[in-house]
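See structure below.
Number of protein chains: 2
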Amino acid sequence: MLTLTVNVNKEDIRLKRVTLREVAERASTSMMTVSRVINGIPGVSQNTREKVLKAIRELGYLPNRDARSLRSGKTGRLGVLVFDIRNPFYAEAVGEIEDLANDQGLTVIVTDTNRSHQKEEKALRLLEETGVDSVVVAPEGYEFTHLERSSSSGQKVVSFGVHFPEAELDEVWIDDHEGGKKAGEHLRKLGIGEVALIMDNPRKAATVGRTEGFLEGFGRADSARIFNLSLDWRVAYQTVKNLETIPEAFFCHNDMMAIGVMRALRERKVRIGDDVLVIGFDDVFFAEAADLSTLRIPIGDMVHSTFEILAGQKSGKLRYVPELILRGSA
Amino acid sequence: MLTLTVNVNKEDIRLKRVTLREVAERASTSMMTVSRVINGIPGVSQNTREKVLKAIRELGYLPNRDARSLRSGKTGRLGVLVFDIRNPFYAEAVGEIEDLANDQGLTVIVTDTNRSHQKEEKALRLLEETGVDSVVVAPEGYEFTHLERSSSSGQKVVSFGVHFPEAELDEVWIDDHEGGKKAGEHLRKLGIGEVALIMDNPRKAATVGRTEGFLEGFGRADSARIFNLSLDWRVAYQTVKNLETIPEAFFCHNDMMAIGVMRALRERKVRIGDDVLVIGFDDVFFAEAADLSTLRIPIGDMVHSTFEILAGQKSGKLRYVPELILRGSA
DNA sequence: TTGTACGCGTTATCAA
DNA sequence: TTGATAACGCGTACAA
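Chains as they are written, first to last, in the numbering used here: chain V, 148 to 477; chain U, 148 to 477.
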């Protein structure tokens with residue numbers, strides 16, 4: 148028969164975390180004094196401060212954030228809702244947000260709303276229940292009543308990317324119209340005759356902005372074929388595969404769709420940047436790798452502004468204009 | 148002179164959220180009964196249950212998760228640490244994790260450790276302080292003492308992707324050796340003579356596994372040039388740009404680097420899939436768009452297993468073997 | 001079937 | 001400079 152000897156000492160069986168009370172006991176002082184030391188509140192003698200710090204170190208004390216939140220009303224959490232985490236544009240935004248948030252000791256709760264409006268609403272509600280100091284939402288972009296409701300119910304909300312002129316919301320938005328216009332003007336100057344627009348859902352403000360902006364810059368709306376597809380590079384790919392005649396240029400709603408378009412064009416043996424031009428939108432990291440001309444969105448600056456809004460240093464609707472980045476594809 | 152009349156009624160000035168107590172008062176019952184209704188605990192008459200639900204609806208009551216966590220010890224939060232959120236492989240993993248977590252009503256706290264080991268340690272500690280029921284970490288991959296420490300201090304930890312044979316940790320890991328071997332065998336069968344390996348830091352287990360596996364499958368280690376670069380497609384791009392002679396094939400540590408390699412090759416006017424073959428690793432979404440052969444990692448299955456481990460249905464080290472996906476590039 | 005009272009770990013108030 | 005005490009909102013014994 149086998150006998151097991153298990154060495155269980157106090158350290159091993161500790162299930163609960165060290166609390167303020169225990170630190171206070173060890174430092175032979177009160178909880179309040181320990182709390183003061185932790186939060187850097189003045190009015191503690193150098194002597195006791197050191198005793199407390201020593202006890203904290205020895206016990207490996209970590210403050211309980213839930214208790215702190217419950218008491219103070221501040222959560223130290225930032226909620227982030229993104230439309231599609233798999234799209235590198237949003238992944239980049241999340242990365243930037245994290246950088247700044249971590250600098251401030253904020254915990255970031257990320258939710259991918261998965262291109263679903265319904266999930267966006269649900270996630271926003273869950274975030275309210277969870278409790279966050281503020282929420283940054285990169286929304287789907289044609290409905291905003293849920294954002295206004297949340298905002299007016301006391302939740303600090305910043306909309307990221309989309310422009311809702313009528314909404315009473317702080318925004319850091321992208322001027323899609325200007326972006327589209329830049330693309331249109333560029334192609335017009337190159338003397339392009341016929342063009343195809345590979346766009347997203349026409350209900351969305353971004354789609355309308357990019358489309359109308361492009362047509363304004365391009366000039367000849369009648370020689371533009373407009374395709375409103377779902378936001379999926381595969382669909383864009385198939386659409387171009389099936390095209391009877393290939394236009395002289397493509398303007399795509401985002402870089403992912405542009406990549407799909409380029410693949411289809413390559414398979415159809417037309418030379419990109421030569422026989423046919425392609426322009427994307429976003430300037431995600433692989434646009435450069437793919438030599439794709441595109442409209443760069445200054446994500447870093449936008450995130451920076453977002454945090455200024457959250458800090459109360461700015462408010463209102465902050466506009467950012469995309470920059471046309473020319474590469475081999477156009 | 149302008150006079151503003153502001154309509155401020157009770158609803159408008161409410162700063163604090165509705166509490167259990169208020170619901171109880173409204174339903175003229177006790178907090179306990181309300182709590183029972185919310186948590187679906189039996190022993191409440193149909194009559195009072197309905198009164199309570201009505202009050203909840205009317206007041207728009209949301210339970211306070213912090214108070215609940217404080218009291219119950221369960222946080223309802225899942226921590227996720229990823230090595231590089233900008234890499235679509237990890238973005239995809241985060242997306243999958245979110246899907247499953249949201250189904251269970253879990254809140255996901257995501258941290259991008261930004262390819263920094265130091266940040267990985269720091270973030271893990273912050274997560275412990277924040278309080279999470281469990282944490283899934285896709286680690287950098289050559290140090291794991293911080294994971295073991297966290298795990299042995301009572302935190303439920305699952306390592307995602309990397310294999311630490313000696314670590315006392317639950318893992319869902321990728322068999323890099325087998326993956327590399329498949330790539331090597333494929334190129335050997337195609338009669339490839341000279342090959343270049345565009346790899347990550349050789350200190351990492353993944354790098355060692357992929358490299359050695361490849362060489363085993365390929366056979367002729369002496370005709371393989373190995374480049375250990377930083378994990379950045381630009382560096383891979385530049386490396387191939389500067390190559391004096393171009394080998395017959397490239398095996399790349401991941402798809403992002405493969406994209407950089409392909410771009411360099413295209414600029415050097417060699418035909419991919421013809422003059423030179425390229426194989427990546429991960430099968431991120433744009434690998435298909437780029438017609439890149441690669442080793443597919445079954446992220447969905449892996450995430451599924453991860454949740455089974457978290458639920459206590461499985462434990463130990465779960466191995467996943469990458470699948471060779473052949474496309475135009477090889 | 002329902003209610004009372006206490007405690008989770010912290011911070012705010014006030015008194016010493 | 002310090003400490004006792006009372007909340008924050010909820011769940012759990014236990015009593016009714």
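Virtual Cβ for every residue (Gly too), placed ideally from N, Cα, C. Note that the structure is predicted; figures quoted are calculated from it, not measured.
So which residues of chain V does Gly447 (chain U) contact, with C-beta pairs closer than 9 Å?
Per Cβ cutoff of 9 Å: no residues; Gly447 (chain U) is ~13 Å from chain V at best.
Go to Arg224 (chain V), then tell me how far its alpha helix (DSSP H) extends in each direction, as first and last residue.
Where Arg224 (chain V) is concerned, there is no enclosing alpha helix (DSSP H), although the beta strand (DSSP E) it sits in stretches over 224-229.
Using a Cβ-Cβ cutoff of less than 8 Å, which residues in the same chain neighbour Arg196 (chain V) once the five nearest sequence positions on both sides are dropped?
Annotation for Arg196 (chain V): Val184 place their beta carbon closer than 8 Å to its own, counting only its chain and skipping 5 residues before and after.
Which value, in whole angstroms, describes the spacing of the CA atoms of Pro469 (chain U) and Gly187 (chain V)?
Straight across, the Cα-Cα distance linking Pro469 (chain U) with Gly187 (chain V) is about 51 Å.
Going by beta-carbon coordinates alone, are Val170 (chain V) and Ile203 (chain V) separated by less than 7 Å?
Yes, the pair counts as a contact, with Cβ atoms nearer than the cut-off.
Under 9 Å by beta carbon: chain V residues contacting Leu390 (chain U):
Ordered by position in chain V, no residue passes the 9 Å Cβ test against Leu390 (chain U), which lies about 17 Å from the chain.
Is it right to say Gly225 (chain U) is buried, meaning 16 or more other beta carbons lie within 10 angstroms of its own, or is it exposed?
Sequence check: residue 225 (chain U) is Leu here, not Gly. Around the beta carbon of Leu225 (chain U), 16 or more other beta carbons sit within 10 angstroms, so the residue counts as buried.
Grab me the residues of Glu110 (chain U)'s own chain with a C-beta within less than 6 Å of its C-beta, minus the 5 sequence neighbours each way, in chain order.
Outside the displayed span of chain U (148 to 477) sits residue 110 (chain U), for which this structure offers no information.
Limits of the beta strand (DSSP E) - the one that Arg372 (chain U) falls within
Element bounds for Arg372 (chain U): 371-375.
Mind listing the chain U neighbours of Gly242 (chain V)? Cutoff is C-beta to C-beta under 9 Å, in chain order.
For the C-beta of Gly242 (chain V), the chain U residues within less than 9 Å are, from N- to C-terminus, Asp231, Ile232, Arg233, Asp259, Asn261.
Could you work out which residues of chain U lie near Phe433 (chain V), taking near to mean beta carbons separated by less than 7 Å?
Near Phe433 (chain V) (Cβ distances below 7 Å), the residues of chain U are Ile406, Phe433.
Can you tell me whether Ala174 (chain U) is buried or exposed, with buried defined as 16 or more other CB within 10 angstroms of its CB?
So Ala174 (chain U) ends up on the buried side.
Of all the options U:Gly278, U:His264, U:Gly308, U:Leu344, which has the alpha carbon lying nearest to the alpha carbon of Asp448 (chain U)?
Selected option, being the one with the closest Cα: U:Gly308.
Verify the CB distance criterion: does Val468 (chain V) have a CB-CB separation below 7 Å to chain U?
Not one chain U Cβ lies under 7 Å of Val468 (chain V).
Check whether the segment 384-398 of chain V touches the segment 327-341 of chain V, counting contact only when three or more Cβ pairs, one atom from each stretch, lie closer than 8 Å.
As far as the Cβ criterion goes, the segment 384-398 of chain V touches the segment 327-341 of chain V, which means the pair count is three or higher.
Does the beta-carbon of Met404 (chain U) have 16 or more other beta-carbons within 10 angstroms, so that it is buried, or is it exposed?
Buried, since its Cβ has 16 or more Cβ neighbours within 10 Å.
Can you confirm whether the segment 241-261 of chain U touches the segment 237-251 of chain V when touching is taken to mean that 3 or more C-beta pairs between the two stretches lie within less than 8 Å?
Short answer: they touch.
Using the Cβ count rule (16 or more neighbours within 10 Å means buried), how would you classify Arg218 (chain U)?
That one is exposed.
With a cut-off of 7 Å, does the C-beta of Asp280 (chain U) fall near any C-beta of chain V?
For Asp280 (chain U), no Cβ of chain V is located within less than 7 Å of the residue's own Cβ.
If we cut at 7 Å on Cβ distances, does Arg410 (chain V) have a partner in chain U?
It does: the Cβ of Arg410 (chain V) has a partner Cβ on chain U nearer than 7 Å.
Closest Cβ-Cβ distance between Ser299 (chain U) and chain V: below 7 Å?
Against chain V, the CB of Ser299 (chain U) has no partner CB under 7 Å away; the residue lies outside that interface.
Since I believe Leu316 (chain U) is in contact with Glu300 (chain U) (beta carbons under 8 Å), could you give me their beta-carbon distance rounded to a whole number of angstroms?
Correcting the residue identity first, residue 300 (chain U) is Ser in this sequence and not Glu. About 13 Å separates the CB atoms of Ser300 (chain U) and Leu316 (chain U); that is not less than 8 Å, and the two are not in contact.
Would you call the CB atoms of Gly331 (chain U) and Phe374 (chain U) closer than 7 Å?
At least 7 Å separates the beta-carbon of Gly331 (chain U) from that of Phe374 (chain U).
Which ranges would you report for the alpha helix (DSSP H) in the segment 174-211 of chain V if only whole runs of at least 4 residues count?
If we require 4 residues or more, the alpha helix (DSSP H) runs fully inside the segment 174-211 of chain V come out as 178-185, 193-206.
Count the other CB atoms within 10 Å of the CB of Gly288 (chain U); is the residue buried (16 or more) or exposed (fewer)?
In this structure Gly288 (chain U) is buried. Its beta-carbon is surrounded by 16 or more other beta-carbon atoms within 10 angstroms.
For Leu424 (chain U), collect the residues of the same chain with a Cβ closer than 8 Å to its Cβ; drop the 5 residues on either side in sequence, then sort them by chain order.
Within its own chain, the residues whose Cβ lies closer than 8 Å to the Cβ of Leu424 (chain U), once the five positions on either side in sequence are excluded, are Leu334, Leu337, Ile339, Glu395, Ala396, Phe397, Ser440, Ser476, Ala477, listed in chain order.
Considering only DSSP beta bridges, list what Ile345 (chain U) is partnered with.
Beta-bridge pairing links Ile345 (chain U) to U:Phe374, U:Cys399.
Alpha carbon to alpha carbon, how far is Leu271 (chain U) from Leu253 (chain V)?
Between Leu271 (chain U) and Leu253 (chain V), the C-alpha separation is close to 14 Å.
Simplified DSSP assignment, three categories, for Glu290 (chain V):
Coil at Glu290 (chain V), not helix or strand.
Answer with buried or exposed for Glu325 (chain U), where buried requires no fewer than 16 other C-beta atoms within 10 angstroms of its C-beta.
Answer is buried; the Cβ neighbour count reaches 16.
So, is the C-beta of Asp347 (chain V) closer than 7 Å to a C-beta in chain U?
Asp347 (chain V) does not count as touching chain U.
Can you grab the Cα-Cα spacing for the pair Leu442 (chain U) / Ile426 (chain U), in whole Å?
Each residue's alpha carbon lies about 8 Å from the other.
Would DSSP call Asp438 (chain U) helix, strand or coil?
Three-state result, Asp438 (chain U): coil.
Just the C-alpha distance for Met148 (chain U) and Leu344 (chain V), rounded to the nearest angstrom, thanks.
Low confidence applies to Met148 (chain U): its pLDDT is 34, below 50, so where it sits in the model is not reliable enough to give any reading.
Helix or strand or just coil, what does DSSP make of Ile393 (chain U)?
Looking at Ile393 (chain U) - three-state DSSP - the assignment turns out to be coil, as it is neither helix nor strand.
When you compare the CB of Asp250 (chain V) with every CB in chain U, is at least one pair closer than 7 Å?
Taking Cβ atoms only, chain U never reaches closer than 7 Å to Asp250 (chain V), which makes this a no.
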